[in-house]
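Visitor: Below: one structure in structure tokens.
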Amino acid sequence: MVRGQANPHVSRLRKHVGDVQITTGDLLDQGSLISAVERVQPDEVYNLGAISYVPMSWQQAELTAEVTGMGVLRMLEAIRVVSGVGQSRTPGAGQIRFYQASSSEMFGMVRETPQNEKTPFHPRSPYGVAKTYGHYITQNYRESYGMFAVSGILFNHESPRRGAEFVTRKVSLGVARIKLGLATELRMGNLEARRDWGYAGDYARAMRLMVNQERPEDYVIGTGRTQSVRELVELAFGSVGLNWQDHVVLDSRYTRPAEVDLLCADPKKAREQLGWEPEVGFEELVAMMVESDLRLLSRSNRPEDEPFSPDHW
Ligand code: G4F
Numbered sequence: 125m126v127r128g129q130a131n132p133h134v135s136r137l138r139k140h141v142g143d144v145q146i147t148t149g150d151l152l153d154q155g156s157l158i159s160a161v162e163r164v165q166p167d168e169v170y171n172l173g174a175i176s177y178v179p180m181s182w183q184q185a186e187l188t189a190e191v192t193g194m195g196v197l198r199m200l201e202a203i204r205v206v207s208g209v210g211q212s213r214t215p216g217a218g219q220i221r222f223y224q225a226s227s228s229e230m231f232g233m234v235r236e237t238p239q240n241e242k243t244p245f246h247p248r249s250p251y252g253v254a255k256t257y258g259h260y261i262t263q264n265y266r267e268s269y270g271m272f273a274v275s276g277i278l279f280n281h282e283s284p285r286r287g288a289e290f291v292t293r294k295v296s297l298g299v300a301r302i303k304l305g306l307a308t309e310l311r312m313g314n315l316e317a318r319r320d321w322g323y324a325g326d327y328a329r330a331m332r333l334m335v336n337q338e339r340p341e342d343y344v345i346g347t348g349r350t351q352s353v354r355e356l357v358e359l360a361f362g363s364v365g366l367n368w369q370d371h372v373v374l375d376s377r378y379t380r381p382a383e384v385d386l387l388c389a390d391p392k393k394a395r396e397q398l399g400w401e402p403e404v405g406f407e408e409l410v411a412m413m414v415e416s417d418l419r420l421l422s423r424s425n426r427p428e429d430e431p432f433s434p435d436h437w
């Protein structure tokens, strides 16, 4: 589903998934979602739609709440209305199955490490708060209406297609630029933050497994390993024979009003119930992204996405 008029993402989407039918709808517009569900009559709905760049959620907190939080309610309502599920009619076989992209950002200031499905939430950004609402409303529709609605609590998942504003891609693009002589420095924020980074392809596989279980349940998806941004930078520069300390410059524009210091998944439930294991490790992922950006920049000197520079706080 795409929104807006002449949405520039459509041509990019076409390039990657040419044979997929695209329909229109907007998470801010309840009627458009009902129409989309009526038109498509889907077996499964995956809601990955969100304002997903955490710093932007401080700049546009209300919009983030509307899209990332309330958008989930609107999508659930569209499914409920089109399927005719209500107090007088419980869903049966063949009901529309719903996947909500919950986020490890909900754990925020973590209460325990590693984090599992029972770890309490303490979100640290308007984005995290909105995702927490989306998580609970999905659970509530499951409990209230018996809908097949699941949340995947996904930790950071990356690939060469990651937007240039996120730290892994910013680093892989930065390293490629410097290696090719197109730049000399890379400006970064907090190097001490730790994340559990995995490969997006592995995580997409987990989403489908969750939706195809017999019973709807929530799952934590992550690798169970944690690395700092500093380690990411060191590895990425090292992979092309460069020393990160010669190029990385700290820039307060990239630090956040409130940080999530440490994330590390406990994916035991996914392993045991879904049989899910990540196949790509951190080192392989970083090498894959740097190599991909070296190829991209060698071809055209231009990435698909321009780097993102936030305003000063
Ligand atoms: O790559 P990030 O921007 O991802 P973040 O904030 O962890 O969120 C991502 O993962 C979540 C899943 O846990 C998703 F829900 C969310 O939508 C998104 O996909 O930042 C990672 C870390 C942060 O601690 C940040 O402070 O990297 C640190 N960092 C340090 N310097 C930087 C930079 N992040 C960015 N984007 N740019 C920097 O220059």
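Position one of the sequence shown corresponds to residue 125 (the working numbering), numbered consecutively onward. Ideal Cβ placement from N, Cα and C applies to all residues, glycine included. The structure presented is a predicted model; accordingly, all values stated were derived computationally and were not measured.
Locate the beta strand (DSSP E) running through Ala-79, then write down its first and last residues.
Guide: Residue 79 lies beyond the residue range present for the chain, which begins at 125 and ends at 437; the question has no answer from this structure.
Visitor: Determine the direct distance from the alpha carbon of Cys-388 to that of Val-196, and round the result to whole angstroms.
Guide: Position 72 of the sequence shown, counted from the first residue, corresponds to residue 196. Position 264 of the sequence shown, counted from the first residue, corresponds to residue 388. The alpha-carbon atoms of Val-196 and Cys-388 are separated by roughly 25 angstroms.
Visitor: Whose CB is closer than 5 angstroms to a heavy atom of ligand 1? List the residues in chain order.
Guide: Working through the chain, the matches are Ser-176, Val-178, Ser-227, Ser-228, Glu-229, Asn-280, Phe-290, Val-291, Met-312, Gly-313, Asn-314, Ala-317, Val-353 and Tyr-378.
Visitor: So what does DSSP say about Thr-148, is it helix, strand or coil?
Guide: In the sequence shown, counting from the first residue as 1, residue 148 sits at position 24. Note: Thr-148 maps to strand in three-state DSSP.
Visitor: Check Tyr-269 in the structure and name its three-state DSSP category.
Guide: Reading the sequence shown from its first residue, position 145 is the one you call residue 269. Three-state DSSP puts Tyr-269 in a helix.
Visitor: Tell me, please, which residues DSSP counts as bridged to Ile-277.
Guide: In the sequence shown, the residue the question calls residue 277 occupies position 153. Paired residue(s): Ser-226 and Val-344.
Visitor: Go ahead and label His-140 buried or exposed: buried means 16 or more other beta carbons lie within 10 angstroms of its beta carbon, across all protein chains shown.
Guide: Mapped onto the sequence shown, residue 140 falls at position 16. Exposed.
Visitor: Quick test of your reading: Ser-249 and Val-353, contact by CB under 8 angstroms. State the CB separation rounded to the nearest angstrom.
Guide: What you label residue 249 is simply residue 125 of the sequence shown in a count that begins at 1. What you label residue 353 is simply residue 229 of the sequence shown in a count that begins at 1. Actually they are not in contact, since the Cβ atoms of Ser-249 and Val-353 sit about 17 angstroms apart, beyond 8 angstroms.
Visitor: Is the stretch 320 to 328 touching the stretch 340 to 350, taking contact as three or more C-beta pairs under 8 angstroms?
Guide: Yes, the stretch 320 to 328 touches the stretch 340 to 350.
Visitor: Am I right that Gly-313 and Thr-379 are in contact with their C-beta atoms under 8 angstroms? What's the rounded C-beta distance?
Guide: Here residue 313 corresponds to residue number 189 of the sequence shown, with the count starting at 1. Here residue 379 corresponds to residue number 255 of the sequence shown, with the count starting at 1. 4 angstroms between Cβ atoms; contact.
Visitor: Within a Cβ cutoff of 6 angstroms, which residues of the same chain sit near Pro-284, ignoring the five residues on either side of it in sequence?
Guide: Locating residue 284 in the sequence shown gives position 160, counting from the first residue. The residues are Met-413 and Ser-416.
Visitor: Comparing C-alpha positions only, which one of Ser-268, Gln-397 and Ser-376 sits nearest to Arg-339?
Guide: By one-based count along the sequence shown, residue 339 stands at place 215. Among Ser-268, Gln-397 and Ser-376, the Cα nearest to that of Arg-339 is on Gln-397.
Visitor: What residue does the beta strand (DSSP E) around Val-373 start on, and which one ends it?
Guide: Sequence index remark: in the sequence shown, residue 373 carries index 249 (1-based). Note, Val-373: beta strand (DSSP E), 372 to 374.
Visitor: Based on Cα-Cα distance, which residue from Glu-316, Leu-333, Ser-176 and Arg-301 lies nearest to Arg-419?
Guide: For the purposes of this step, residue 419 is taken as residue 295 along the sequence shown, with counting starting at 1. Among Glu-316, Leu-333, Ser-176 and Arg-301, the Cα nearest to that of Arg-419 belongs to Arg-301.
Visitor: Would you kindly work out how many angstroms separate the C-alpha atoms of Ser-422 and Leu-304, rounded to a whole number?
Guide: For this step, residue 422 is matched to residue 298 along the sequence shown. For this step, residue 304 is matched to residue 180 along the sequence shown. Each residue's Cα considered, the two are about 8 angstroms apart.
Visitor: Do you know how far the Cα of Gly-258 is from the Cα of Phe-406?
Guide: Position 282 of the sequence shown, counting from 1, holds the residue named residue 406. Position 134 of the sequence shown, counting from 1, holds the residue named residue 258. Between Phe-406 and Gly-258, the C-alpha separation is close to 29 angstroms.
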